[in-house]
Amino acid sequence: MPLHIVLHEPLIPANTGNIARSCAATGAHLHLIHPLGFSTEDRYLKRAGLDYWHAVNVHHYDSFEHFAEEQGPDAGTFYFVETWGETLYAEVSFRDGDYIILGKETTGLPEELTNRYREQTIRIPMSGATRSVNLSNCAAIVLFEGLRQLGFPGLK
Numbered sequence: 001m002p003l004h005i006v007l008h009e010p011l012i013p014a015n016t017g018n019i020a021r022s023c024a025a026t027g028a029h030l031h032l033i034h035p036l037g038f039s040t041e042d043r044y045l046k047r048a049g050l051d052y053w054h055a056v057n058v059h060h061y062d063s064f065e066h067f068a069e070e071q072g073p074d075a076g077t078f079y080f081v082e083t084w085g086e087t088l089y090a091e092v093s094f095r096d097g098d099y100i101i102l103g104k105e106t107t108g109l110p111e112e113l114t115n116r117y118r119e120q121t122i123r124i125p126m127s128g129a130t131r132s133v134n135l136s137n138c139a140a141i142v143l144f145e146g147l148r149q150l151g152f153p154g155l156k
């Protein structure tokens with residue numbers, strides 16, 4: 001079972017395209033929670049993902065509740081990436097099938113989600129000179145840490 005990247009209401013097509021390319025390169029599944037801030041036909045989305053879209057396992061959901069329900073009770077752990085997360089991402093023990101959940105570029109994840117899953121919030125350390133790290137960079141940083149911990153399964 002692969003790792004999963006979940007984007008909650010992403011706004012910028014190029015970020016989603018870059019994340020899709022990372023998913024194609026690693027075998028991670030990409031989950032998109034609507035509404036999206038762009039059309040999936042957007043040329044910037046397609047250009048950022050280049051010609052790798054055929055290799056991405058993409059799932060769409062109307063809401064976080066719909067997403068969580070579809071994963072079922074035996075789903076991996078949900079990790080919510082936030083600038084103020086409780087735990088550093090490198091201190092998490094990732095397991096096969098875990099979910100890395102990121103919010104929209106402007107406001108992050110909804111407070112009701114992060115309050116409900118507070119102990120599962122993680123962060124990437126920063127100097128404080130910026131509000132955050134770019135969304136696609138965050139996804140790649142945490143995804144590759146998870147894959148490193150798992151021994152880069154299926155990758156060469």
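Oh and the sequence shown: position 116 is 116 in full-length UniProt numbering, straight run, nothing missing.
We put the CB at the ideal spot given by N, CA and C, even for glycine.
Since this is a predicted model, take the numbers as computed values, not measurements.
| Query | Result |
| --- | --- |
| Please go through the UniProt domain "tRNA/rRNA methyltransferase SpoU type" (3 to 144) and give each complete beta strand (DSSP E) segment of 3 or more residues, from N-terminal end onward. | 4 to 8, 29 to 33, 58 to 61, 78 to 81, 99 to 102 and 121 to 123 |
| Touch check for the segment 115 to 135 and the segment 62 to 70: three-plus C-beta pairs under 8 Å? | no |
| Evaluate the contact criterion for the segment 69 to 76 versus the segment 125 to 138: three or more CB pairs, one atom per stretch, below 8 Å. | no |
| Check each candidate in Asp51, His4 and Asn134 and name the one with the smallest Cα separation from Lys104. | Asn134 |
| Ignore the nearest five residues each way along the sequence and tell me which others in Ile19's own chain have a CB closer than 7 Å to its CB. | Ile5, Leu7, Leu30, Ser136 and Ala139 |
| Do Leu155 and Phe94 have their beta-carbon atoms positioned less than 8 Å apart in this structure? | no |
| Hey, is Ser63's beta-carbon within less than 8 Å of any beta-carbon in chain C? | As a matter of chain content, chain C is missing from the structure shown, which is built from one protein chain. |
| Closest to Thr107 by C-alpha separation, out of Ala24, Pro153, Trp84 and Phe144, would be which residue? | Trp84 |
| Taking a contact to mean a Cβ-Cβ separation below 8 Å, would you say Ile101 touches Leu109 in this structure? | yes |
| How many angstroms separate the CA atom of Tyr131 from the CA atom of Val81? | The residue you asked about is not Tyr; residue 131 is Arg in the sequence shown. Approximately 14 Å between the Cα atoms of the pair. |
| Could you say which of Phe78, Ile33 and Leu147 lies nearest to Thr114 if we only look at CA atoms? | Phe78 |
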